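Presented below is the structure to which this report refers.
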Amino acid sequence: MKNIYILIIALITLFLNSCNDVLDQVPSDRYTDALVWNDPYLLDTHLAELYACTPVMIQDAITLMNSWNGAPMNRDDNGWTAIMGFSAQMEGTVRTLEITDEAKYNFGGQAHLLSMKENGIQSNGTELQWRGNAYYTIRLLNNFIDRAGESSISNVEERIAEARFLRAFNYFAMAKRYGGVPLITKVQSLDDDEDVLYPKRATEKEIFDFILKETDEISEVLPSANDAGRANKWAALALRSRAALYAASVAQFGTQQLNGLLGFPAGDDAYYYQICFDASKKIMTEGPFMLYDEDADKIQNFKNIFLKKGNSEAIMVKQHSGKGFNDGGTNRWSWDMVECPRPNVWGVGNYHGPYLDLVEEFEYKDGTPGVIDREYAKNKLWTMEELWGEKDPRFFASIWTNGTSWQGAVGGVLGENTIDMHNGIMTAEGTLVDGRYDTYNGIPAVGDQLVRFKEGNTPNTGFGVMKYLDPNANNFNWFSESTTDYLIFRYGEILLNFAEAAFELGKPAEALDAINQIRDRAGIARLTSVDREKIRHERKVELAFENHRYWDLRRWRIAVQSLTRTYSGLRYIYDAASSKYRLDFIDNIDGRAKTPTFPEKNYYFPIGQGRIAANPNLVENPGY
Numbered sequence: 002m003k004n005i006y007i008l009i010i011a012l013i014t015l016f017l018n019s020c021n022d023v024l025d026q027v028p029s030d031r032y033t034d035a036l037v038w039n040d041p042y043l044l045d046t047h048l049a050e051l052y053a054c055t056p057v058m059i060q061d062a063i064t065l066m067n068s069w070n071g072a073p074m075n076r077d078d079n080g081w082t083a084i085m086g087f088s089a090q091m092e093g094t095v096r097t098l099e100i101t102d103e104a105k106y107n108f109g110g111q112a113h114l115l116s117m118k119e120n121g122i123q124s125n126g127t128e129l130q131w132r133g134n135a136y137y138t139i140r141l142l143n144n145f146i147d148r149a150g151e152s153s154i155s156n157v158e159e160r161i162a163e164a165r166f167l168r169a170f171n172y173f174a175m176a177k178r179y180g181g182v183p184l185i186t187k188v189q190s191l192d193d194d195e196d197v198l199y200p201k202r203a204t205e206k207e208i209f210d211f212i213l214k215e216t217d218e219i220s221e222v223l224p225s226a227n228d229a230g231r232a233n234k235w236a237a238l239a240l241r242s243r244a245a246l247y248a249a250s251v252a253q254f255g256t257q258q259l260n261g262l263l264g265f266p267a268g269d270d271a272y273y274y275q276i277c278f279d280a281s282k283k284i285m286t287e288g289p290f291m292l293y294d295e296d297a298d299k300i301q302n303f304k305n306i307f308l309k310k311g312n313s314e315a316i317m318v319k320q321h322s323g324k325g326f327n328d329g330g331t332n333r334w335s336w337d338m339v340e341c342p343r344p345n346v347w348g349v350g351n352y353h354g355p356y357l358d359l360v361e362e363f364e365y366k367d368g369t370p371g372v373i374d375r376e377y378a379k380n381k382l383w384t385m386e387e388l389w390g391e392k393d394p395r396f397f398a399s400i401w402t403n404g405t406s407w408q409g410a411v412g413g414v415l416g417e418n419t420i421d422m423h424n425g426i427m428t429a430e431g432t433l434v435d436g437r438y439d440t441y442n443g444i445p446a447v448g449d450q451l452v453r454f455k456e457g458n459t460p461n462t463g464f465g466v467m468k469y470l471d472p473n474a475n476n477f478n479w480f481s482e483s484t485t486d487y488l489i490f491r492y493g494e495i496l497l498n499f500a501e502a503a504f505e506l507g508k509p510a511e512a513l514d515a516i517n518q519i520r521d522r523a524g525i526a527r528l529t530s531v532d533r534e535k536i537r538h539e540r541k542v543e544l545a546f547e548n549h550r551y552w553d554l555r556r557w558r559i560a561v562q563s564l565t566r567t568y569s570g571l572r573y574i575y576d577a578a579s580s581k582y583r584l585d586f587i588d589n590i591d592g593r594a595k596t597p598t599f600p601e602k603n604y605y606f607p608i609g610q611g612r613i614a615a616n617p618n619l620v621e622n623p624g625y
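Quick note on numbering: the working numbering labels position 234 of the sequence shown as 235, and the sequence is numbered without any gaps.
Take a look at the structure:
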């Protein structure tokens with residue numbers, strides 16, 4: 002490129018308000034190529050644009066609706082979603098909830114998502130594909146790495162290391178989806194040979210080995226100071242931990258296919274588990290992180306991991322501290338608006354209802370299982386304290402339900418500022434009253450929280466997502482903007498990665514200690530022994546709604562079993578005579594005639610005929 006034109010104002014407003022002071026300056030016009038590479042501020046500005054173009058900023062969440070043409074997909078004002086007050090980040094983050102066993106999408110109008118859940122990913126589909134954005138971003142990163150290497154600025158090695166981190170994250174995201182993909186580390190030119198312009202797929206092992214080599218090398222170059230808004234030594238090690246664990250699982254539980262384009266040679270799992278173990282332990286023993294445990298109230302303590310900026314658990318985050326639309330800014334992190342209990346600006350919220358099956362994964366504080374005896378429960382009347390009072394505090398910090406305190410909620414029979422999810426009233430005469438406009442003794446038959454579900458005939462699971470919700474967020478604003486940071490890597494995940502790797506390496510005592518650190522912080526009984534299922538269970542509970550579950554099920558190769566099933570919900574019926582609740586269990590809360598399914602072939606996504614037509618050296622994945 003002869004000249005690099007940087008759209009300074011747009012870039013600054015879209016991203017740089019989330020970075021440190023050196024990235025917060027505003028140049029005035031356009032700059033020559035030579036000046037960009039030799040001016041510290043301009044180089045950082047260009048690097049910030051690359052952060053904005055990479056999926057690292059949303060924890061490589063599912064990509065939908067954006068990026069077909071290579072446009073940056075992770076800025077908070079992307080496309081039509083910005084007009085509606087939704088961030089592209091939010092849209093990407095929530096999509097994994099809709100196709101896992103964590104939560105039901107409560108607005109059933111998106112046929113493409115329903116089809117994906119019921120039929121799996123199809124070769125002609127556009128959803129759940131990485132699309133053109135990754136290689137668009139990788140080309141920009143390759144150019145940055147090459148050209149910055151010619152720079153005379155003093156800290157250029159650190160900036161190059163940041164770009165290598167972003168490139169490694171892009172390749173990790175693609176490897177999880179496709180297995181082996183073309184490994185491009187230099188900027189291509191039209192003058193290059195055909196084998197360069199039309200690269201073949203590398204093996205899955207080659208891609209993961211590249212990621213691990215890069216993260217190892219750059220961890221020694223990146224600063225150790227914990228600037229959680231950008232890549233540092235600890236973020237590199239966290240990516241190394243996560244990627245190695247993924248590779249180890251696939252090596253252990255998957256099969257090698259397509260001459261190594263998919264999978265790993267038999268016996269490679271121990272090698273990758275060891276890398277995960279070592280990277281995780283380095284963070285644990287040398288890093289400045291610890292489990293956040295500052296609040297005496299265990300429920301509020303767990304909430305604050307996701308609400309309190311700069312806490313001891315945050316290794317890398319996407320920061321949301323800029324002005325929102327109504328204040329002249331572009332912040333579109335809209336999680337609060339779509340997941341909060343009503344009322345909000347639209348009177349909606351509760352986009353996703355956690356399944357009862359997930360709720361039951363949360364144990365009681367004494368360590369006893371959280372599964373409800375259906376027959377016993379149906380024949381008893383309950384207060385919310387009797388039903389949920391002794392649950393793992395993480396349940397209350399992750400999920401809201403009937404009786405949960407929430408400012409502004411219309412509590413009905415439960416009092417103001419309390420979520421009311423009763424769906425029907427059992428009268429003193431033993432008659433069920435549950436019409437949308439029915440009342441009994443002046444009490445609405447349907448709690449305020451469920452009015453819209455009654456109108457739309459869309460069953461609610463009886464629960465909502467609490468994690469990340471800020472009780473102080475203004476959800477009565479059409480363009481609701483949340484200022485909570487989004488955690489890309491946190492210390493709790495590292496402990497869980499370590500525990501899994503330790504167990505698989507035959508070190509159960511170290512695995513048990515890591516798991517018990519998690520449980521101690523949560524306020525739940527310690528384990529006396531550990532096995533694979535206990536580790537997976539703890540991961541499911543601790544990391545719920547954080548965009549891990551879908552990928553965990555894939556790497557363990559249990560998605561076919563875990564995602565091919567129906568899921569349940571809970572209906573609260575208010576008993577007028579006792580002021581308690583009857584429970585009605587709904588076995589197929591999604592209400593679909595067809596059971597959700599995850600085909601075996603979906604452990605890898607399709608390459609796609611369009612890509613193969615553009616590059617005949619590509620090979621399609623099996624089953625497509």
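Glycine included, C-beta positions come from ideal geometry on N, C-alpha and C.
Predicted, not measured: the structure shown is a model, and the values here were computed from it.
Buried or exposed: which applies to residue i, given that a residue is buried once 16 or more other Cβ atoms fall within 10 Å of its Cβ?
i: Ala62; result: Here the model assigns Ala62 a pLDDT of 46, short of 50, so the residue's position is not dependable and the matter cannot be decided.
i: Gly264; result: buried
i: Asp296; result: exposed
i: Lys1; result: This structure cannot speak to residue 1, because the chain is shown only from 2 to 625.
i: Tyr568; result: buried
i: Val372; result: exposed
i: Pro607; result: buried
i: Met74; result: Confidence is the limiting factor: at Met74 the pLDDT is only 39, short of 50, which leaves the residue's position unreliable and the question unanswerable from this model.
i: Arg572; result: buried
i: Ala615; result: exposed
i: Tyr438; result: exposed
i: Gln562; result: exposed
i: Ala35; result: exposed
i: Gly611; result: exposed
i: Gln408; result: exposed
i: Leu619; result: buried
So who's on the other strand from residue i, going by DSSP bridges?
i: Val318; result: Leu488
i: Ala104; result: Pro355
i: Asn39; result: Asn39 pairs with nothing; no bridge assigned.
i: Gln610; result: Beta-bridge pairing links Gln610 to no other residue.
i: Gln258; result: Leu263
i: Thr427; result: It is Met, not Thr, that sits at residue 427 in the sequence shown. DSSP lists Leu433, Asp576 as partners of Met427.
i: Asp585; result: Arg572
i: Ile400; result: Val466
i: Lys392; result: Tyr365
i: Trp383; result: Tyr582
i: Ser335; result: Paired residues: none, contrary to the question.
i: Ser281; result: According to DSSP, which records beta bridges pairwise, Ser281 is partnered with nothing at all.
i: Ser406; result: Thr419
Relative to the alpha-carbon of residue i, which residue among the options has its alpha-carbon at the smallest distance?
i: Thr55; options: Met175, Asp34, Phe108; result: Met175
i: Tyr137; options: Asn120, Ser124, Asn171; result: Asn171
i: Ala53; options: Arg96, Leu141, Pro266, Val542; result: Leu141
i: Phe599; options: Leu48, Leu115, Trp38; result: Leu115
i: Asn144; options: Arg160, Pro355, Ile154, Tyr625; result: Arg160
i: Arg241; options: Leu98, Ala578, Tyr274; result: Tyr274
i: Gly368; options: Phe307, Pro355, Glu539; result: Glu539
i: Glu543; options: Val360, Glu430, Gly425; result: Val360
i: Lys282; options: Val466, Gly311, Ala239, Lys310; result: Ala239
i: Glu430; options: Glu119, Asp40, Glu511, Asn442; result: Asn442
i: Ser250; options: Leu554, Gly592, Lys508; result: Leu554
i: Ala378; options: Lys234, Leu584, Leu223; result: Leu584
i: Arg550; options: Pro41, Glu501, Asp102; result: Asp102
i: Ile536; options: Gly524, Leu513, Ala523; result: Leu513
If residue i and residue j are in contact, beta carbons under 8 angstroms, what's the gap, nearest whole angstrom?
i: Trp557; j: Phe254; result: 6 angstroms
i: Pro460; j: Ile587; result: 6 angstroms
i: Lys105; j: His321; result: About 26 angstroms; that fails the 8 angstroms criterion.
i: Ala398; j: Phe303; result: 4 angstroms
i: Leu246; j: Phe546; result: No, Leu246 and Phe546 are not in contact; Cβ-Cβ is about 20 angstroms, not under 8 angstroms.
i: Glu195; j: Leu262; result: Rounded, the Cβ-Cβ distance is 20 angstroms, inconsistent with contact.
i: Leu51; j: Leu167; result: 6 angstroms
i: Tyr179; j: Pro617; result: About 17 angstroms separates the two Cβ atoms, so there is no contact after all.
Problem - Continuous alpha helix (DSSP H) assignments of at least 4 residues falling wholly in the stretch 436–480 - result: 452–457
Practice task
Please specify which runs of the alpha helix (DSSP H), each continuous and at least 4 residues long, are wholly inside the stretch 173–233, giving them in chain order.
Solution key: 195–198, 205–220
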